[in-house]
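Below: the structure, in structure tokens.
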Amino acid sequence: VEIGDPERTYTIEPVEDPVPREPSRDPKEAPESEPAEPEKVEAE
Amino acid sequence: VKAPDYVEPIIAWRAWLVVAEEEGIRLSSVVYRNVWPPRCELEATCHRRVFAFPRVWQRKPTGHPAPSERCRCGIHGAREADHAASYVANELWQDEPLRWPLLHRAIGRVSLWGALVECEDGWRASCAYPQRIYLPERVESDDAAVEPGQLVAALAGYGVPVELIDCDLTDGDAVVSALGMRAAAR
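Protein chains in written order, with this note's numbering: chain A, 11 to 54; chain B, 94 to 279.
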């Protein structure tokens with residue numbers, strides 16, 4: 011877009027992120043692997 | 094550490110191409126063949142185009158951060174909708190042919206932040222992301238590969254509002270008028 015000659019320069023750091031990012035998964039809700047079943051052992 | 098001058102992004106107008114890239118339907122810049130990634134900001138880099146053997150355009154980095162006041166680099170946004178609308182139907186992309194099929198064209202609002210160069214009629218920024226996307230309902234015959242209604246769903250992956258506007262692309266004034274009617278109805 012042809013927007014003409016520069017007039018001034020500045021910086022913007024938004025307080026709120028302008029990007030609707032993918033929600034991150036909660037590791038507590040989705041464990042990487044199921045806990046192992048207890049092993050059956052012979053009773054003494 | 095230098096404190097920023099402002100904490101709210103600039104909201105500007107710009108035009109996009111809608112293309113069928115390998116990973117899906119995406120927005121692309123009109124002048125350069127930059128695809129805008131969904132859910133991630135587009136970051137500006139400065140390249141100059143050189144025509145090199147074997148007869149292809151190549152882009153070489155200039156070595157300075159974008160945007161620079163002394164250059165024309167950065168992600169552009171226009172202050173007024175009619176300024177951006179004049180780019181919706183143009184053929185500037187043909188200077189540097191697209192890698193992907195062109196499906197449609199769009200106009201919309203864009204958030205700009207990071208380092209900015211404010212110009213007479215708009216801004217050049219280091220970071221940008223679409224804030225709202227408008228797709229004209231009527232298309233030129235050569236662009237009518239996909240119905241605009243289907244493109245609305247396809248562009249929903251950007252996570253911002255995508256709306257159809259009742260106009261065609263050949264008349265910039267009609268695009269601006271349709272945008273004004275949409276804003277009044279909201």
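In this text, a Cβ means the ideal position worked out from N, Cα and C, and glycines have one as well.
Computed from a predicted structure; not experimentally measured.
- Task: Establish whether the CB of R35/A and some CB of chain B are separated by less than 8 Å.
- Result: no
- For S34/A, count neighbouring C-beta atoms within 10 Å of its own C-beta (all shown protein chains included) and say buried if the count is 16 or more, exposed if not. exposed
- List the residues of chain A whose Cβ lies closer than 7 Å to the Cβ of C212/B, in chain order. I13, G14, D15, P16, E17
- Below 6 Å CB to CB, which residues in the same chain sit around W206/B once its five sequence neighbours on both sides are set aside? P102, C220
- Message: Using beta carbons (cut-off 8 Å, strictly below), is V25/A in contact with chain E?
- Response: The structure shown contains no chain E; its protein chains are A and B.
- Item | Residues that DSSP places opposite V112/B in a beta bridge | R119/B, L195/B
- Message: Tell me the rounded alpha-carbon separation between A113/B and Y227/B.
- Response: 17 Å
- Item | Residues of its chain near E162/B, where Cβ-Cβ distance is below 7 Å and the 5 sequence neighbours each way are ignored | Counting only residues of its own chain and dropping the five nearest sequence neighbours on each side, E162/B has a CB closer than 7 Å to the CB of V210.
- Using a beta-carbon distance below 8 Å, is E173/B in contact with chain A? no
- Taking V29/A as part of the alpha helix (DSSP H), name the residues at either end of that continuous run. No residue range can be given for V29/A, since it is assigned to no alpha helix (DSSP H) and is classified by DSSP as neither H nor E.
- Task: Starting from the C-beta of G265/B, find all residues in its chain whose C-beta is less than 8 Å away, skip the five residues before and the five after it, and write them out in chain order.
- Result: D175, A178, S179, V181, A182
- Name the chain B residues that come within less than 7 Å of V29/A, Cβ to Cβ? Simply R132, C133, E134, Y222.
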